[in-house]
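Undergrad:
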Amino acid sequence: MVELKVSSNDFDCDLILERRVTYIRGDSGTGKTGVVDKINAYTEGDTSVSVVCSDGRRAVVLNTITSPTMLDAYKKYVVFFDDLIVTESELFNSTIIKSAIENDVYLVVINRVDSDIKPVSLRVNFSISSILISHCEGKRHWFTKQVEDLGSVDFGFVKYDCVVAEDKFGSKNFSKSVFNLPVFCAEGGDNIIRETRNAISKGYKSIFVFLDSAEFGKNFHDFKSVFEDEDEVSIYFDYHYECFEYLLLVSNMLNKEFEFDEVECNMFSSWEAYFESEIERITDSKMYAYHHGSKVKGCYTHDCNKVCNTFKSSKCDKYVNSDKILHMFKGTIFEYLIGMRNNHRKLKPTKEDNVHD
Amino acid sequence: MLKIWVDGFRDDCIKTPGTYFNSHKTRDWFNREDVKEVIKEIDNSIAVKDEYIESPIYGGMSPDRLSQGCKAVILLYLNPLCNVYASRCGDNCVPSILRLAERTDVVITLHHIMKFPKVFKAFMMDTGVVVNSRKEFIEEYGRIKGIF
């Protein structure tokens, strides 16, 4: 995390950059360009302006992107792009992120528009927690995470009538195995809006969406805009849910082996990529080995006695002779899944569950 | 009537309203009552006379220091058909844009879902569809952009 303090006689703000890419949005006249102007003034030698980064790095405003390698000249900088068309274009894509990582550059993009370049894999991935909204009152300027402006609810107490799962395997497998609810599978963040609308068109009115918040930033404005006026439908999502792999890593099954390393995670193209890497490393060669993009083992969704025979259980260092979901999530930030499961309990596995690996 | 392009940029689109404003502005712009109202509404600043503007943050300043959104809306007030890139405008610019659209045709380009009021009217230039609400606008926007 990098904290950037910008101050002068007529301007004062703190900017917290948790991740490699941050987007700043908000109403006109709230000081977004003000931050940029102050950094430019500081860069040009205006001693009345102070720009201080918590880890000593420098800040700069770039007016264009000529190539991804241009970031080579800005190693360990915080680089700002202010309302540039180029950040909506093909030039601002995943190769910029790779370059930013190689050069340990933090990117701050001031833009209301997300790139919709194709293919999707080229787009810049950023977290919904990385969208900051600007505010101002007189000389004071501050930023809030957009997700913190949303309401909150105890997900475990809500009665849902369906689930929309982003993943083809992860959250889809989990939901189908654990909840007695219809599950719509989006197969990617770009299809979440479509599948949620699909669920609404079929009459569902209380929908829990497993969206990978670590990379959903580029879809979040549209998602929020499309559904915030749905008066008769309630849509729930947990922005702490970075991705399915994170859910498993912070569960009681794996959290003793998982130690979140903020420096290391920002060496990946997104935190989701980091969590995928970590869970594969931690579970490698184990009976509960996890691979992103593969069907989720029954170890993570069903009681051990339903998944393994006595012999296999005796070989497993994660064997528990109790309710698996309760064991996995009790006391974690996803404890509400226990309540969700209890409210929508599957009485017995179906043929579809295929619990035996 | 508000007329909105959603897909791509037309040749006549002012893609960088801030830069365009700075290089084209003339002092008489800021003596217009409607422009003064826009500056007050969006940037909470007072256009005193010619290019002298009083800001609660910066004190006396030139129009260059107005926000990008404010500049974009001023350009529309000077030439409603100028097809300004309104994705440079925050949601707080919507009232002034719609007020202008009530009395004349206004053409803008939008590449994001702007927060219009629940009931408003606009003509979607890409498809020729008239929308009468925010919901209809989002539907048509989503259809044009392939989100749905």
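Protein chains in written order, with our numbering: chain R, 19 to 375; chain L, 67 to 214.
Even glycine gets a Cβ: it sits at the ideal position worked out from N, Cα and C.
Being a predicted model, the structure only gives us computed values, none of them experimental.
1) Curious, which full-length beta strand (DSSP E) runs of at least 3 residues does the region 114-166 of chain L contain?
2) Given a limit of 7 Å on CB to CB distance, which residues of the region 224-251 of chain R reach chain L?
3) Assign F238 of chain R to one of two classes, buried (16 or more other C-beta atoms within 10 Å of its C-beta) or exposed (fewer than that).
4) Interface residues of chain R around P122 of chain L at Cβ under 8 Å?
5) What is the rounded straight-line gap between the Cα of E62 of chain R and the Cα of D55 of chain R?
6) Secondary structure at R200 of chain L, three-state DSSP: helix, strand or coil?
7) Of all the residues that make up the region 187-213 of chain R, which are near chain L by a beta-carbon distance shorter than 9 Å?
8) Using the Cα positions of K201 of chain L and E248 of chain R, report the straight-line distance between them to the nearest angstrom.
9) Taking 7 Å as the CB-CB limit, is G47 of chain R close to chain L?
10) When the cut-off is 7 Å and only beta carbons count, does V79 of chain R lie next to chain L?
11) Would you kindly check if the distance between the Cβ of L272 of chain R and the Cβ of L265 of chain R is under 7 Å?
12) With burial defined as no fewer than 16 other Cβ atoms inside 10 Å of the residue's Cβ, what is the status of A167 of chain L: buried or exposed?
13) Could you give the DSSP three-state label for I343 of chain R: helix, strand or coil?
14) Where do the N-terminal and C-terminal ends of the beta strand (DSSP E) with K23 of chain R fall, by residue?
15) Between N372 of chain R and the rest of its own chain, which residues show a CB-CB distance below 6 Å, the 5 nearest in sequence each way excluded?
16) Taking only the alpha-carbon atoms, compute the straight-line gap between H345 of chain R and I210 of chain R and give it to the nearest angstrom.
17) Under the three-state reduction of DSSP, which class applies to H90 of chain L: helix, strand or coil?
18) DSSP on D30 of chain R, reduced to helix/strand/coil?
19) Quick one, are the C-beta atoms of N198 of chain L and V173 of chain L less than 7 Å apart?
20) Please name the residue, chosen from L:H178, L:V104, L:A188 and L:D77, that lies closest to G212 of chain L on a Cα-to-Cα basis.
21) Any beta carbon from chain R within less than 7 Å of F203 of chain L's own beta carbon?
22) Which residues share a DSSP beta bridge with M190 of chain L?
23) By the three-class DSSP mapping on this structure, what secondary structure does A307 of chain R have?
24) When the cut-off is 7 Å and only beta carbons count, does R154 of chain L lie next to chain R?
25) Would you say D116 of chain L faces chain R, with C-beta separation under 7 Å as the test?
26) Go ahead and label F329 of chain R buried or exposed: buried means 16 or more other beta carbons lie within 10 angstroms of its beta carbon, across all protein chains shown.
27) Going by DSSP in three states, L168 of chain R sits in which element: helix, strand or coil?
28) Residue ranges of each alpha helix (DSSP H) run of no fewer than 4 residues wholly in the region 198-237 of chain R, ordered along the chain?
29) Is it the case that the Cβ atoms of V96 of chain R and A77 of chain R are separated by a distance below 7 Å?
30) So if I threshold CB-CB distances at 7 Å, which residues from the region 41-72 of chain R count as touching chain L?
31) Could you pull the start and end residues of the alpha helix (DSSP H) that W160 of chain R belongs to?
32) Would a check of beta-carbon distances place G126 of chain L closer than 7 Å to chain R?
33) What residues of chain L sit near D167 of chain R, judged by a beta carbon separation below 7 Å?
34) Name the chain R residues that come within less than 9 Å of R76 of chain L, Cβ to Cβ?
35) Could you give the C-beta distance for I80 of chain L and L141 of chain L, rounded to a whole number, given that I count them as a contact under 8 Å?
36) Between V373 of chain R and chain L, is any beta-carbon pair separated by less than 7 Å?
TA: Taking the geometry as given:
1) Runs of beta strand (DSSP E) with 3 or more residues, each lying fully within the region 114-166 of chain L, are found at 118-121 and 125-127, listed in chain order.
2) H239, D240, S243, V244 and D247
3) Here residue 238 of chain R refers to the residue found at position 220 when the first sequence is read from its first residue. Around the beta carbon of F238 of chain R, a 10 Å sphere encloses 16 or more other beta carbons of the protein chains shown; the residue is thus reported as buried.
4) Sequence index remark: in the second sequence, residue 122 of chain L carries index 56 (1-based). Going along chain R in sequence order, the residues near P122 of chain L (Cβ under 8 Å) are G156.
5) Start at 1 with the first residue of the first sequence, and residue 62 of chain R comes out as number 44. Start at 1 with the first residue of the first sequence, and residue 55 of chain R comes out as number 37. Cα to Cα, E62 of chain R sits roughly 11 Å from D55 of chain R.
6) On the second sequence, residue 200 of chain L is found 134 positions in, with the first residue counted as 1. It is helical.
7) Residues D208, I211 and R212.
8) As a first step, residue 201 of chain L is located in the second sequence; it is residue number 135 there, counting from the start. As a first step, residue 248 of chain R is located in the first sequence; it is residue number 230 there, counting from the start. Their Cα atoms are separated by approximately 9 Å.
9) Counted from its first residue, the first sequence places residue 47 of chain R at position 29. Taking Cβ atoms only, chain L reaches closer than 7 Å to G47 of chain R, which makes this a yes.
10) For this step, residue 79 of chain R is matched to residue 61 along the first sequence. For V79 of chain R, the answer is no, since every Cβ of chain L falls outside 7 Å of its Cβ.
11) As a position in the first sequence, residue 265 of chain R is number 247, starting the count at 1. As a position in the first sequence, residue 272 of chain R is number 254, starting the count at 1. No, Cβ-Cβ distance for L265 of chain R and L272 of chain R is not below 7 Å.
12) Here residue 167 of chain L corresponds to residue number 101 of the second sequence, with the count starting at 1. It is buried - the Cβ of A167 of chain L has at least 16 other Cβ atoms within 10 Å.
13) If you number the first sequence from 1, residue 343 of chain R lands on position 325. Shown here, I343 of chain R sits in a helix according to DSSP, grouped into three states.
14) Reading the first sequence from its first residue, position 5 is the one you call residue 23 of chain R. From DSSP, the beta strand (DSSP E) with K23 of chain R extends over V20 to S26.
15) Looking up residue 372 of chain R in the first sequence gives position 354. Its pLDDT being 47, under 50, N372 of chain R is placed unreliably by the model, and nothing is read from it.
16) Numbered from 1 along the first sequence, position 327 holds the residue referred to as residue 345 of chain R. Numbered from 1 along the first sequence, position 192 holds the residue referred to as residue 210 of chain R. For H345 of chain R and I210 of chain R, the distance between alpha carbons rounds to 30 Å.
17) Locating residue 90 of chain L in the second sequence gives position 24, counting from the first residue. H90 of chain L falls in the helix class under three-state DSSP.
18) To locate residue 30 of chain R, count along the first sequence from 1; it is residue 12. Three-state result, D30 of chain R: strand.
19) As a working note, residue 198 of chain L is residue 132 in the second sequence. As a working note, residue 173 of chain L is residue 107 in the second sequence. No, the pair does not count as a contact, with Cβ atoms beyond the cut-off.
20) Within the second sequence, residue 212 of chain L is the residue found at index 146, counting from 1. It is L:H178 whose Cα lies nearest to the Cα of G212 of chain L.
21) Walking along the second sequence from the start, residue 203 of chain L turns up at place 137. With 7 Å as the cut-off, F203 of chain L does not count as an interface residue toward chain R.
22) Here residue 190 of chain L is taken as the residue at index 124 of the second sequence, counted from 1. In DSSP, M190 of chain L forms a bridge with L:I70 and L:V195.
23) Along the first sequence, one-based indexing puts residue 307 of chain R at 289. Correct three-state label for A307 of chain R: coil.
24) In the second sequence, residue 154 of chain L corresponds to position 88, counting from 1. Chain R, which has a Cβ nearer than 7 Å to the Cβ of R154 of chain L, makes this yes.
25) As a working mapping, residue 116 of chain L is identified with position 50 in the second sequence. Cβ-Cβ to chain R under 7 Å: no for D116 of chain L.
26) Locating residue 329 of chain R in the first sequence gives position 311, counting from the first residue. Exposed: under 16 other Cβ atoms inside 10 Å.
27) For the purposes of this step, residue 168 of chain R is taken as the residue at position 150 of the first sequence. It is coil, neither helix nor strand.
28) 210-219
29) Stepping through the first sequence from its first residue, residue 96 of chain R is reached at position 78. Stepping through the first sequence from its first residue, residue 77 of chain R is reached at position 59. Cβ atoms of V96 of chain R and A77 of chain R: closer than 7 Å.
30) G44, D45, S46, G47 and T51
31) Here residue 160 of chain R corresponds to residue number 142 of the first sequence, with the count starting at 1. For W160 of chain R, there is no enclosing alpha helix (DSSP H); the enclosing beta strand (DSSP E) has its first and last residue at R158 to K163.
32) As a position in the second sequence, residue 126 of chain L is number 60, starting the count at 1. No - not a single Cβ of chain R is within 7 Å of the one on G126 of chain L.
33) Residue numbering aside, residue 167 of chain R sits at position 149 when the first sequence is read from its first letter. Those do not exist, as D167 of chain R stays about 13 Å from chain L at its closest Cβ, beyond 7 Å.
34) Against the second sequence, residue 76 of chain L aligns to sequence position 10. What R76 of chain L touches in chain R: nothing, since even the nearest Cβ is about 14 Å away.
35) The residue you call residue 80 of chain L lines up with position 14 of the second sequence. The residue you call residue 141 of chain L lines up with position 75 of the second sequence. The pair is a contact, with the Cβ atoms about 6 Å apart (cut-off 8 Å).
36) As a first step, residue 373 of chain R is located in the first sequence; it is residue number 355 there, counting from the start. Reliability of the predicted coordinates at V373 of chain R is poor, the pLDDT of 44 falling under 50, and the value obtained from them is presented with this limitation in mind. Taking Cβ atoms only, chain L never reaches closer than 7 Å to V373 of chain R, which makes this a no.
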